[in-house]
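With numbering that gives the first Met the number 0 applied, the sequence shown corresponds to residues 0 to 280, in that order.
Here a beta-carbon is modelled for each residue, glycine too, at the ideal position from N, C-alpha and C.
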Amino acid sequence: MINKTEIDKETKLVSNTIRTYGINTTWYTHKYLTTSLRFQRNESFDNKDEKDYKSDTYSIDLNSTPFPALNTRLSVIKSFSCNFGEKYSENVLYLLTINAKLYRDINTLTDIGFSNVKTFPIETKSISIKKASETETKYIRGLIDARLTPKLQASLIYGLSSTSGESSSTLNEGNLVISYRPGQFINITGNLRLTDSDGDVSSAEGIIIDWLFLPTIRFNINYEHRKLEPDSRTGDTINTFVIWYITKFIDLQISYGYTKEEYKTKNETYTLSANLNCRLW
C-alpha cells in the first residue's frame, strides 16, 4: 500500500510518502502443526528531509490442534523502529494462547505473554531520546465461561501482570459475572470485580435486573457499589429506566440516575430524563 500526498504552497512543494508492504507464508508442517511466517515494513518520509521513519516486523506462529477440545498457538513477534537510519526502538513479544473446552459447557481461553521493549538514545529532527531504557512485562490473562444450568451461567475474567524497568509495578485483576434467567422475560446479572495494584486493593460489586414484565413495558435497574484504594474512596451508583413501547414505531423512555461519591466530603448527583423516539419505518 502506498499513500502519497503533495502540498503546493507559495511555490514550495512538500511530498509525503507512506509505504507498507510485506510477505507471509504458511507451511503445514505436520498433521497437528501449522507454521506461519510473516514480514512487514512500514515507511514514511518526505522530500524535505524532515521526516524519515521505518519499522520492520518479523513474526512466526505455531498453531496446533492435537484434538478437537484443545487449540494452542505460540507467536513470536519482533520489531525494529528507525528514524533517519538510526535504530531507536526494539520490541519482542512471546505469546502463548490456549483455547480449551474442559467439559461440555465449560470453555477457557488463556494468554501467557512476555514482552521486552528497548529504546536507544537518538537525536534527530523528529525524535529526541536522551538515555536508553528497557522494560519487561510478564502477564497471564484468561477467561473461564461455564453454563452451570440451563438458567445459570458464570464467567470469570482474570489477569496477572508484572512490569520491571525504570519503575516496577504489579497488577492483578479479577471479574466474576453470574447471570440467572428465571424466565423468558427477566434476566438478573451480578458481578464482583477486584483489582490489586501494587498492594492497593479496589473492589466493585453490582447487580443488573432487566424485566419485560408486560409486552409493551421494559424495566431495567443497575446498581453498583465500589471502594477505591489507596485513598479509601467509596461510591454508589443507581441507574434505572422504563421503556413504554406505545406502538411499533413510537416508544417513550424515562431514565433516572443517582451517584454518591464519598472522599473527605460527600457528593451526590441526580439525573432525570425522558425521551420520545419516533421511527418513520
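- By alpha-carbon distance to S54, the top candidate from Y87, S80, H29, W26 is S80.
- In this structure, D144 sits away from N190, with a CB-CB distance that is not shorter than 7 Å.
- Rounded to whole angstroms, the separation of the alpha carbons of D51 and N82 is 6 Å.
- Inter-segment contact for the stretch 146 to 164 and the stretch 120 to 128 is absent: fewer than three beta-carbon pairs are separated by less than 8 Å.
- Rounded to whole angstroms, L193 and T123 show a C-alpha spacing of 44 Å.
- Just so you know, the alpha carbons of L271 and N221 end up roughly 15 Å apart.
- Note: Q152 is bridge-paired with R146, S178 in the DSSP secondary-structure output.
- One alpha carbon belongs to A153, the other to V176, and they sit about 6 Å apart.
- Your pair N98 and N70 checks out as a contact, with CB atoms roughly 4 Å apart and the cut at 8 Å.
- Rounded to the nearest whole angstrom, the CA to CA distance from L213 to F184 is 9 Å.
- A check of alpha carbon separations from V91 across T56, A68, S63 identifies T56 as the nearest.
- A Cβ-Cβ separation of about 18 Å leaves S14 out of contact with N41 under the 8 Å criterion.
- Counting the other CB atoms within 10 Å of its CB gives Y31 a total below 16, which places it among the exposed residues.
- Between the beta-carbon of L95 and that of I111 there is about 5 Å, and that keeps the pair under the 8 Å contact cut.
- In the displayed model, N46 falls within coil according to three-state DSSP, outside both helix and strand.
- Scanning I121, R225, N174, L108 for the CA closest to the CA of L142 turns up L108.
- Here the C-alpha atom of T233 lies approximately 11 Å from the C-alpha atom of E223.
- Its Cα nearest to that of V200, the residue K226 stands out among I208, R180, K226, I216.
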